[in-house]
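Number of protein chains: 2
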Amino acid sequence: MNMGIERISSGDLGESMGLTASQIRQDYSCFGEFGQQGYGYNVVRLRAELATILGMEQKHTAIVIGVGNLGRALMENFHFESYGVVLTGGFDLNPALHGKIFGDVEIFPLECLKSFVKENPVSIAVLAVPQAVAQPLTETLSKLGIQGLWNFTNVEVKPCDSATMIVENVHFSDSLLALSYMISEEGDGTK
Amino acid sequence: MNMGIERISSGDLGESMGLTASQIRQDYSCFGEFGQQGYGYNVVRLRAELATILGMEQKHTAIVIGVGNLGRALMENFHFESYGVVLTGGFDLNPALHGKIFGDVEIFPLECLKSFVKENPVSIAVLAVPQAVAQPLTETLSKLGIQGLWNFTNVEVKPCDSATMIVENVHFSDSLLALSYMISEEGDGTK
DNA sequence: TAGATTGTTAATCGATTAACAATC
DNA sequence: TAGATTGTTAATCGATTAACAATC
């Protein structure tokens with residue numbers, strides 16, 4: 005996407021991201037001085053700087069564990085590449101899925117996980133399995149030396165003590181409860 | 005789920021939720037005194053109090069807009085009922101889906117949205133459509149008087165100015181970038 | 001009574017906002 | 001030069017943590 009915009013001010017940037025201009029400037033200044041007084045930020049330069057900071061040039065690799073509807077939705081619709089992540093495989097128990105291709109990426113049997121990870125370095129595992137197997141799989145993944153777990157199971161999971169895997173949770177339920185609560189408050193006259 | 009536990013202390017509760025005991029006690033005390041010194045919190049009482057506070061007794065109703073893989077995953081696998089929300093319909097453009105049932109809930113043509121909402125009060129719309137149509141649909145939904153939008157599109161959307169619809173975003177991308185960043189930091193020696 | 005654990009106050013921390021000199 | 005907009009400092013705000021008297 006190229007909208008032909010060369011420069012952008014912290015104010016505009018903030019508005020389009022739902023943040024204040026102050027917040028933008030303060031955050032960016034933690035990493036260096038990308039802007040110019042009286043001018044703003046050069047879009048191309050800014051993008052490059054941010055890519056570096058976020059480690060997007062590092063080309064992390066990811067695999068999807070559990071290819072149900074959610075796993076499949078992520079494989080087909082989520083633009084991993086836009087965030088510097090290359091999806092290299094999907095894993096599922098269901099034999100009907102093995103060999104299938106979703107979003108350019110093949111689905112393998114779960115038994116192949118260990119050997120796959122040995123041959124292809126994997127930095128991130130996307131966990132989209134039923135809750136019952138979330139914890140054991142987390143332990144397996146952490147033992148395989150995977151660095152990050154992107155957890156979509158709505159369950160708290162814990163890597164093995166010996167491992168340093170970082171867990172990032174996407175807890176739908178927290179988000180829905182927050183929304184329910186805000187709706188109820190709204191009509192309340194509370195606040 | 006009943007694990008036969010009658011009472012629980014703020015410490016245990018916090019540990020299992022990844023919060024501190026202080027945090028638990030302070031949060032609960034905003035809404036009243038549910039606990040007893042030297043005893044802790046009665047699990048049954050606590051659950052009842054929290055249900056009230058979170059408005060779960062309010063039985064919000066929800067519809068899913070866009071029944072691709074993600075919409076379908078939510079309809080089939082996410083336990084709306086556990087959070088006091090009743091799913092009453094799904095909507096999609098694709099005629100092949102019309103009349104299908106996912107997770108007990110029927111899929112209707114998008115054209116029927118307006119009349120459906122008039123006949124069945126809907127408090128929450130779950131937005132799981134392609135990014136290109138996210139904004140126009142948001143405006144439509146806000147005009148229909150829907151109170152909350154649960155936004156899965158990874159795009160910022162804005163209701164009509166005249167409407168009071170609350171938007172709760174589930175931005176996968178923020179979460180993935182955060183994970184990428186943490187992984188890169190990890191090995192760095194930074195920090 | 002002694003031990004446990006609350007509710008609440010005060011202290012700490014971090015994040016957001018406001019303000020403004022520096023300067024393009 | 002005048003206007004715009006940064007980077008940075010200081011002020012504000014809210015959320016988390018620590019501490020402890022109250023009390024079951």
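Taken in sequence, the protein lines are chains R and B.
When you line the first sequence up against my numbering, it's residues 5 to 195, in that order.
When you line the second sequence up against my numbering, it's residues 5 to 195, in that order.
For every residue, glycine included, the Cβ atom is placed at its ideal position computed from N, Cα and C.
- Taking a 10 Å sphere around the C-beta of B/R51, we find fewer than 16 other C-beta atoms and assign the residue as exposed.
- With fewer than 16 neighbouring CB atoms inside 10 Å of its own CB, R/P140 falls in the exposed class.
- Residues of chain B whose Cβ lies closer than 8 Å to the Cβ of R/I170 are, in chain order, L183, M186, I187 and E190.
- Distance check between R/F106 and each of B/P99, B/N73, B/F112 and B/L17 places B/N73 closest, using alpha-carbon atoms only.
- What B/Y87 touches in chain R, judged by beta-carbon distance under 8 Å, is S177, L180, L181 and S184, going in chain order.
- For R/R51, the nearest beta carbon of chain B is not closer than 8 Å to its own beta carbon.
- Against R/L58, the close residues of chain B are L181, S184 and Y185, in the order they occur along the chain (beta-carbon pairs closer than 7 Å).
- Measuring C-alpha to C-alpha distances from B/H175 to each of R/Q62, R/R76, R/F82 and R/G59 identifies R/F82 as the nearest.
- Assignment of alpha helix (DSSP H) within the region 121-183 of chain B, counting only whole runs of 4 or more residues, yields 138-147 in chain order.
- Here DSSP, grouped into helix, strand and coil, assigns R/G39 to strand.
- Between the region 148-158 of chain R and the region 121-140 of chain R there are three or more C-beta pairs closer than 8 Å, enough to call the two in contact.
- Around the beta carbon of R/V161, 16 or more other beta carbons sit within 10 angstroms, so the residue counts as buried.
- An exposed status is given to B/G36, since fewer than 16 other beta-carbon atoms sit within 10 Å of its beta-carbon.
- Ranked by Cα distance from R/E80, the first of R/V71, R/Y87 and R/G88 is R/V71.
- B/V174 reaches chain R at V174, F176 and S179, counting residues in chain order whose Cβ is nearer than 8 Å.
- In this structure, the CA atom of B/Q135 is about 14 Å from the CA atom of B/D96.
- Residue contact with chain B for R/Q27: absent (no Cβ-Cβ distance below 8 Å to any residue of chain B).
- Nearest to B/S166 by alpha-carbon distance, out of B/T24, B/E143 and B/S26, is B/E143.
- Sequence-distant partners of B/V121 (beyond 5 residues in either direction) whose C-beta falls short of 6 Å from its own C-beta, in its chain, are L148.
- Think of a sphere of 8 Å around the beta carbon of B/S127: the chain R residues whose beta carbon falls inside it are I187, in chain order.
- The C-alpha of R/N158 is placed about 19 Å away from the C-alpha of B/N158.
- Shown here, R/G93 sits in a strand according to DSSP, grouped into three states.
- The shortest C-alpha to C-alpha distance from B/S86 to any of B/V68, B/Q62 and B/P99 is the one to B/Q62.
- R/E110 is bridged by DSSP to R/I105.
- Along the length of the region 68-93 of chain B, whole beta strand (DSSP E) runs at least 3 residues long do not occur.
- Taking C-beta separations shorter than 6 Å and ignoring five residues to either side along the sequence, B/G103 has no partners in its chain.
- Contact check for B/G42 against B/V68 fails: the beta carbons are separated by 8 Å or more.
- When C-beta distances to chain R are compared with 7 Å, the residues of the region 65-76 of chain B below that value are G72, N73, L74 and R76, in chain order.
- Annotated as proximal: B/Y45 and B/R11, with beta-carbon spacing under 8 Å.
- Going by C-alpha positions, R/E110 is about 10 Å away from R/L91.
- Assignment of R/T56 by DSSP, reduced to helix, strand and coil, places it in the helix class.
- Assigned with DSSP and collapsed to three states, R/I12 falls in strand.
- Looking from the CA of B/A138, the closest CA among B/E123, B/D108, B/N173 and B/N98 belongs to B/N173.
- The three-state secondary structure of B/G18, taken from DSSP, is helix.
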